[in-house]
């Protein structure tokens, strides 16, 4: 049985990795420290956007 996460045409796992690591960071999960260095900038951008939204809608 093949799931969408294993489908090579729709590589959801790779596509949403920055969001995944942003979530881990926000939840202070230990696996957040395993974030690949090439994802540091996109993850920081996501976290900054979340922070801005929190301020805007608070």
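Numbering (my numbering), first residue to last: 95 to 152.
Ideal Cβ placement from N, Cα and C applies to all residues, glycine included.
| Asked | Found |
| --- | --- |
| Neighbourhood of residue 144 by C-beta distance below 6 Å, restricted to the same chain and skipping five residues each side | none |
| Cβ-based neighbour list, residue 119, same chain, cut-off 6 Å, excluding 5 preceding and 5 following | 126 |
| For residue 144, three-class secondary structure by DSSP | helix |
| Any alpha helix (DSSP H) of 4 or more consecutive residues that is wholly inside the segment 104-145 | 106-109, 111-120 |
| Buried versus exposed, by CB contacts within 10 Å (16 or more), residue 130 | exposed |
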